[in-house]
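Engineer: The structure under discussion is supplied below as structure tokens; questions concerning it will follow.
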Amino acid sequence: MERLFATEKAGGRALYKLHAVTVFAGICLVLYYRATHVPAAGAGRAAWGCWRRSCGSASTGSSRSPYAAPSRTGSPPDPQSEPPSLVMATVLSLMAYNYPPDDGGSILTFYALWETSAFAKRWLPFCRRYNIRSPAAYFAESDEPNDPRALEEWSFVKILIDGKDRGAVDNDGNVLPTLVYMAREKRPQYHHNFKAGAMNALIRVSSVISKSPIIMNVDCDMYSNNSDSIREALCFFLDEEMGHKIAFVQYPQNYNNMTKNNIYGNSLNAINQVELAGMDTWGGPLYIGTGCFHRRETLCGRSFNKDYKEDWDQGIKTQQRIDQTEEKAKSLATCTYEHNTQWGNEIGLKYGCPVEDVITGLAIHCRGWESVYNNPPRAAFVGVAPTTMAQTIFQHKRWSKVLPLLLWTWKNKVTASNGLLHIWFMGTPLFPEIMSPWITPFIYVTVVKNIYSLYEALTSGDTLGGWWNGQRMWLVKRITSYLYGVIDNIRKLLGLSKMGFVVSPKVSDEDESKRYEQEIMEFGTSSPEYVIIATIALLNLVCLVGGLGQILTSGQNMLLNGLFLQVVLCGLLVIINIPIYEAMFLRKDRGRTPFSVTLASVGFVMMALFVPIF
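Here my numbering is used: the first residue of the sequence shown is 722, the next is one more, and so on.
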């Protein structure tokens, strides 16, 4: 039988291997220099630093063709954080898949879904005819439909959202997919385990509605953009050579509201096209929480066995009365159902971590299964990226809690940033002298790593400005999101706080949206994170001014000693922080840095200048 999918090696592997080997050698030389040039005991030792590298390899997969009847599950949010209109767009896009349908919250969200099921009668034939997916995306892209034949149907798409027809077929006579809304029981004495608990309840409820062997999971803010995603995913599961090894097929996250130059560094292009694809070499990517097709058995705890064969007919069930199905489903969604069971431990999504998707994917891999990454030319799922600085910091703070290794990253990056001023005034060189041969690995690693990063970004579809903005946001996230994430993890380990799960907000006011479209950074609220950002930016500015002053007074001697490169580093940091200085001192709009934040940051800088640090 012909293979249903193929995996190809990416080009340029020899060049990448040369880059990786030489950068690794450079890092080893830097570490050797640090070990053999230890400063005398005292403040000089604060200049020690560690350099890290990142690498990735690439292989891609593509697929096509059908089978099976997946259950499609979405996690409805707090309607204040993610508007019901966003949920409606997602549900309609999922119902419009090019695949035969199976039979398988809040009051506001429930009402939105009820109206969605009625609107689907009109919408589904419309989107099949004109190859449209999400209503929100369609109306946002065009003032008028491109196809003249759509003009006669344009009016009803706008006004019949409030229809009450509960028929089971659409206007073309096609059977509508079954839409099920589940609101699970919650009581104070039982932990509901956030999104992981909701997903596990959905897994159980879907077992009495369709019991499909494949479950698709998508967040409510990620609408389907490719009606063939199901068929493509099933190609992997049904492949006779490799299909029995695959636990889940992961699609990438894409966003439809990115600015041209990716102002907040939220583009995932390089990650999607290089890093996630490269993980296929090592058994496949981890589960990222959305846009994923799971084998039901693996979510329910099954370990891999080479003799395992999926029963693709298990989802076909005898017809039963709707009230009987409803009663069975209700019992599976009660808060007491999981008591004294293995749900959240050996069965279903894992409990005990805010990023339940990553540890669930790790557990599945540890049971012997593999996963596959599929990134088709037309994005399978498209969502909404954060549109303010606060939203971006908040999102990465939540993501950072899953990576204990961020403690290492946070320690080195923050120590380096805060230590520059102190090292400067103590006269301790961070780098070798300009004429020393030891300066070569320092410069080589820095330059080559950034050139390769730029190449990766440009070949993945980003712009030069987008890459530069990404570098700025990495600095911002290291001193805010990851710092707070590490502190929260330490507090949890010490028993000082409990785990929480908060949905990243997707709502912005009109002024914020306009500034986002104009690529103007948002600093309009008072928060400790903004104080940290402003303080670090001002510290670098003070370092640059002081360094330039010493160069002017010391002349050639200053240019040749090790402190010169520290001035260059401060200069680069000042350039990358220009939008922060503008928000603090020049801008007059509502997105400028509040005066209280500016005052606090100036105060901290003055303390650093006049209070000795030991």
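Every residue, glycine too, gets a C-beta built ideally from N, C-alpha and C.
These figures come from a predicted structure and were not determined experimentally.
(1) So what does DSSP say about Lys1170, is it helix, strand or coil?
(2) With DSSP as the reference, identify every bridge partner of Val970, one or two as the case may be.
(3) Confirm, please, whether the CB-CB distance from Ile1254 to Ile1200 is below 8 Å.
(4) Would you grab the beta carbon distance between Thr1113 and Met1194 for me? Rounded to a whole angstrom, and I think it's under 8 Å.
(5) Using the Cα positions of Ile1208 and Leu1290, report the straight-line distance between them to the nearest angstrom.
(6) Measuring alpha carbon to alpha carbon, tell me which residue in Leu1185, Leu923, Tyr737, His740 is nearest Leu1053.
(7) According to the neighbour-count rule (16 or more other Cβ atoms, all chains shown, within 10 Å of its Cβ), is Glu1059 buried or exposed?
(8) Return the chain-ordered list of same chain residues with a C-beta closer than 6 Å to the C-beta of His1117, the five sequence neighbours on each side being excluded.
(9) Using three-state DSSP, classify Gly1104 as helix, strand or coil.
(10) In terms of residue numbering, what span does the alpha helix (DSSP H) encompassing Asn1261 cover?
(11) By Cβ distance below 7 Å, which residues in the same chain neighbour Met1110 in space, the five residues on each side in sequence not counted?
(12) Going by other Cβ atoms of all chains shown within 10 Å of its Cβ, with 16 needed for buried, is Leu1320 buried or exposed?
(13) First and last residue of the beta strand (DSSP E) that includes Thr728?
(14) Exposed or buried, Leu1265, counting other C-beta atoms within 10 Å across all chains shown (16 or more means buried)?
(15) To the nearest angstrom, report how far apart Val939 and Lys1309 are at their CA atoms.
(16) Is DSSP giving Asn946 helix, strand or coil here?
(17) With DSSP as the reference, label Tyr911 as helix, strand or coil.
(18) Kindly indicate which three-state DSSP category Met937 falls into: helix, strand or coil?
(19) Who are the Cβ neighbours of Thr681 in its own chain at under 7 Å, not counting the five residues just before and after it?
(20) Mark Gln974 as exposed unless 16 or more other C-beta atoms lie within 10 angstroms of its C-beta, in which case mark it buried.
(21) Assuming Ala904 is part of the alpha helix (DSSP H), what are its boundary residues?
(22) Since Ala1178 contacts Ala991 with CB under 8 Å, what's their CB separation in whole angstroms?
(23) Helix, strand or coil for Asn1061? Go by DSSP, reduced to three states.
(24) Candidates Leu959, Val929, Asn1171: which alpha carbon is nearest Glu1048's?
(25) Only counting the same chain, and skipping five residues up and downstream in sequence, which positions put a Cβ closer than 7 Å to that of Asn1298?
(26) How many angstroms separate the CA atom of Ser1317 from the CA atom of Lys730?
(27) Applying the 10 Å Cβ sphere with the 16-neighbour rule, what's the burial state of Asp1232?
(28) Where does Ser1138 sit, in a helix, a strand or coil, going by DSSP?
(29) Just the C-alpha distance for Tyr976 and Gly1104, rounded to the nearest angstrom, thanks.
(30) Could you pull the DSSP bridge partners for Tyr976 from this structure?
(31) Within a Cβ cutoff of 7 Å, which residues of the same chain sit near Tyr1173, ignoring the five residues on either side of it in sequence?
(32) For Arg905, does the count of other Cβ atoms within 10 angstroms reach 16, so buried, or fall short, so exposed?
(33) Measuring straight from C-alpha to C-alpha, what distance separates Ala968 and Asn914?
(34) Quick one: Cα of Val901 to Cα of Thr1046, how far?
(35) In terms of alpha-carbon separation, which member of Glu1077, Gly1010, Val1093, Trp1064 lies closest to Ala998?
Structural biologist: Considering the structure as presented:
(1) The count along the sequence shown starts at 1 and reaches residue 1170 at position 449. Note: Lys1170 maps to helix in three-state DSSP.
(2) Numbered from 1 along the sequence shown, position 249 holds the residue referred to as residue 970. Beta-bridge pairing links Val970 to Phe1014, Val1093.
(3) Position 479 of the sequence shown, counted from the first residue, corresponds to residue 1200. Position 533 of the sequence shown, counted from the first residue, corresponds to residue 1254. A contact, by the Cβ cut-off of 8 Å.
(4) To locate residue 1113, count along the sequence shown from 1; it is residue 392. To locate residue 1194, count along the sequence shown from 1; it is residue 473. Distance from Thr1113 to Met1194 at the Cβ level is roughly 7 Å; contact confirmed, criterion being Cβ atoms closer than 8 Å.
(5) Taking the sequence shown and counting its residues from 1, one reaches residue 1208 at position 487. Taking the sequence shown and counting its residues from 1, one reaches residue 1290 at position 569. Roughly 28 Å between the two C-alpha positions.
(6) Mapped onto the sequence shown, residue 1053 falls at position 332. Comparing C-alpha distances from Leu1053 to each of Leu1185, Leu923, Tyr737, His740 shows the shortest one belongs to Leu923.
(7) Within the sequence shown, numbered from 1, the residue matching residue 1059 stands at position 338. By the neighbour-count rule (16 or more Cβ atoms within 10 Å), Glu1059 is buried.
(8) As a first step, residue 1117 must be located in the sequence shown, where it is residue number 396. Closer than 6 Å at Cβ, skipping near neighbours: Lys1198, Ser1202.
(9) Here residue 1104 refers to the residue found at position 383 of the sequence shown. Here Gly1104 sits in strand by DSSP.
(10) Stepping through the sequence shown from its first residue, residue 1261 is reached at position 540. Residues 1249-1275.
(11) In the sequence shown, the residue the question calls residue 1110 occupies position 389. Cβ within range, chain order: Tyr985, Met1242, Glu1243, Phe1244.
(12) Start at 1 with the first residue of the sequence shown, and residue 1320 comes out as number 599. So Leu1320 counts as exposed.
(13) Numbered from its first residue, the sequence shown carries residue 728 at position 7. Taken as a continuous stretch (DSSP letters only), the beta strand (DSSP E) holding Thr728 covers 726-730.
(14) Position 544 of the sequence shown, counted from the start, is the residue given in the question as residue 1265. Taking every protein chain shown into account, the CB of Leu1265 has 16 or more other CB atoms within 10 angstroms, so this residue is buried.
(15) Position 218 of the sequence shown holds residue 939. Position 588 of the sequence shown holds residue 1309. Taking the straight line joining both Cα atoms gives about 41 Å.
(16) One-based indexing of the sequence shown puts residue 946 at position 225. Three-state result, Asn946: coil.
(17) Taking the sequence shown and counting its residues from 1, the one referred to as residue 911 is at position 190. DSSP places Tyr911 in coil when its eight states are reduced to three.
(18) Numbered from 1 along the sequence shown, position 216 holds the residue referred to as residue 937. Looking at Met937 - three-state DSSP - the assignment turns out to be strand.
(19) Nothing in the structure corresponds to residue 681, since the chain is present only between 722 and 1335.
(20) Counting from 1 along the sequence shown, the entry for residue 974 is found at position 253. Buried, because 16 or more other Cβ atoms sit within 10 Å of the Cβ of Gln974.
(21) Along the sequence shown, read from residue 1 onward, the residue named residue 904 stands at position 183. Ala904 -> no alpha helix (DSSP H), and no H or E assigned at all.
(22) Locating residue 1178 in the sequence shown gives position 457, counting from the first residue. Locating residue 991 in the sequence shown gives position 270, counting from the first residue. With a Cβ gap of about 6 Å, Ala1178 and Ala991 count as contacting.
(23) Numbered from its first residue, the sequence shown carries residue 1061 at position 340. DSSP, read as helix, strand or coil, puts Asn1061 in coil.
(24) Translated into the one-based positions of the sequence shown, residue 1048 becomes position 327. Considering only alpha carbons, the answer is Val929.
(25) Indexing the sequence shown from 1 puts residue 1298 at position 577. Around Asn1298, the same chain offers Ala1258, Asn1261 as residues with beta carbons nearer than 7 Å, after the five sequence neighbours per side are excluded.
(26) As a position in the sequence shown, residue 1317 is number 596, starting the count at 1. As a position in the sequence shown, residue 730 is number 9, starting the count at 1. Each residue's Cα considered, the two are about 54 Å apart.
(27) For the purposes of this step, residue 1232 is taken as residue 511 along the sequence shown, with counting starting at 1. Exposed, since its Cβ has fewer than 16 Cβ neighbours within 10 Å.
(28) Stepping through the sequence shown from its first residue, residue 1138 is reached at position 417. Bear in mind that a pLDDT of 40 at Ser1138, under 50, signals an unreliable position, so the model cannot answer this.
(29) As a working note, residue 976 is residue 255 in the sequence shown. As a working note, residue 1104 is residue 383 in the sequence shown. Rounded to whole angstroms, Tyr976 to Gly1104 spans 5 Å at the Cα level.
(30) For the purposes of this step, residue 976 is taken as the residue at position 255 of the sequence shown. Residue pairing by DSSP places Tyr976 opposite Gly1104 in a beta bridge.
(31) Within the sequence shown, residue 1173 is the residue found at index 452, counting from 1. So the list reads His740, once near-sequence residues are dropped.
(32) In the sequence shown, the residue the question calls residue 905 occupies position 184. With 16 or more other Cβ atoms inside 10 Å of its own Cβ, Arg905 counts as buried.
(33) Here residue 968 is taken as the residue at index 247 of the sequence shown, counted from 1. Here residue 914 is taken as the residue at index 193 of the sequence shown, counted from 1. Whole-angstrom Cα-Cα distance: 24 Å.
(34) As a position in the sequence shown, residue 901 is number 180, starting the count at 1. As a position in the sequence shown, residue 1046 is number 325, starting the count at 1. Between Val901 and Thr1046, the alpha-carbon positions lie close to 12 Å from each other.
(35) To locate residue 998, count along the sequence shown from 1; it is residue 277. In terms of CA proximity to Ala998, Val1093 leads the group Glu1077, Gly1010, Val1093, Trp1064.
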